[in-house]
């Protein structure tokens with residue numbers, strides 16, 4: 001009887017340890033490697049338009065011009081990954097290579113690891129603070145946070161063990177090579193309930209044609225204040241959740 005009781009205790013202890021292991025590992029992680037391929041910028045025309053003026057004339061003129069956003073930085077690329085079973089010494093018992101990882105890319109300006117158990121959709125107050133206070137954008141700016149993440153149509157997913165229900169968060173779709181679209185490259189605004197910091201979240205795709213006509217697993221925007229000649233760089237901290 002005593003041996004049976006010990007066996008029961010050992011089984012319960014093992015079961016609790018297994019639950020604890022799942023709880024610890026079921027959260028986004030930092031990438032093992034980062035391969036930054038380079039940065040480019042939209043090329044603008046610096047040539048002035050030449051119009052002839054003659055005294056006494058009035059001329060109707062319509063201009064069209066393109067300017068570069070002062071509110072956003074873009075990232076795009078591909079994801080490779082593994083699912084591993086191992087111990088605390090990083091000894092691998094088994095490893096599964098993921099040819100087409102599913103999951104999310106998370107980006108935040110907060111150097112502290114988010115409290116993943118308290119992640120939720122960003123609310124209007126947090127989005128407003130991000131737009132005006134953190135990014136220096138005018139509330140009526142065409143490229144503001146509210147104007148950019150104006151949708152609320154996106155798939156459901158989970159952040160660790162926290163479910164994010166479909167069509168609940170402010171969202172947008174990054175462009176493909178034909179322009180705007182609504183079928184892929186979803187990005188949603190989440191926040192850490194403990195700090196109210198925004199977390200830009202891109203849902204992974206499987207080699208979908210992106211804005212430049214090439215296949216990418218993700219495309220995303222992150223806020224960056226470039227207004228009033230601000231040239232200071234902004235560090236972002238990236239996390240991945242793949243399956």
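Numbering (my numbering), first residue to last: 1 to 243. Think of the CB as a built atom: it goes at the ideal place given N, C-alpha and C, for glycine as much as any other residue. Note that this is a predicted model, so its numbers are computed, not measured.
Taking 7 angstroms as the cut-off, the beta carbon of residue 204 is found closer than this to the beta carbon of residue 102. The segment 218-235 makes contact with the segment 193-203: 3 or more CB pairs, one atom from each, lie closer than 8 angstroms.
By the C-beta density criterion, residue 36 is exposed, having fewer than 16 other C-beta atoms within 10 angstroms.
When DSSP reads this structure, residue 216 sits in a beta bridge with 208. Closest option to residue 93, judged by alpha-carbon separation, among 85, 99, 100: 85. The alpha-carbon of residue 225 is positioned some 27 angstroms away from that of residue 184.
Taking the Cα of residue 153 as reference, the smallest distance to any Cα among 66, 176, 181, 160 is reached at 181.
DSSP links residue 172 through a beta bridge to 187. Annotation: residue 136 to residue 107 spans about 19 angstroms, alpha carbon to alpha carbon. Under the DSSP assignment, residue 145 falls in the alpha helix (DSSP H) whose first and last residues are 145-148.
Non-local beta-carbon contacts of residue 155 in its own chain, meaning distances under 8 angstroms to residues more than five positions away in sequence, involve 166, 186, 203 in chain order. Assignment of residue 151 by DSSP, reduced to helix, strand and coil, places it in the strand class. For residue 104, the uninterrupted beta strand (DSSP E) segment begins and ends at 103-108. Check the Cα spacing between residue 81 and each of 127, 96, 68: the tightest is with 96.
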